[in-house]
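Have a look at the structure below before the remarks.
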Amino acid sequence: MIEYISFIEKSTWQNQLKNIELQIENPINRIK
Numbered sequence: 212m213i214e215y216i217s218f219i220e221k222s223t224w225q226n227q228l229k230n231i232e233l234q235i236e237n238p239i240n241r242i243k
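Add 211 to the 1-based position in the sequence shown for the numbering used here, that's all there is to it.
Here's what the structure looks like:
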């Protein structure tokens, strides 16, 4: 059960990272 929870936390953390990367990339692409 603990492993399952940590797996969920990792996946959500990675999703948040991807979202942050997208937010950073979008303005850069608009400037180009």
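Glycine residues also receive a C-beta, built at the ideal position from the N, C-alpha and C atoms. Only a predicted model underlies this, so the values are computations on that prediction, with no experimental measurement involved.
Distance, residue j Cα to residue i Cα
i, j, result
"ILE213", "LEU228", "22 Å"
"ASN226", "GLU220", "10 Å"
"SER222", "LEU233", "16 Å"
"ASN237", "ASN230", "11 Å"
"ILE239", "TRP224", "23 Å"
"ARG241", "TYR215", "39 Å"
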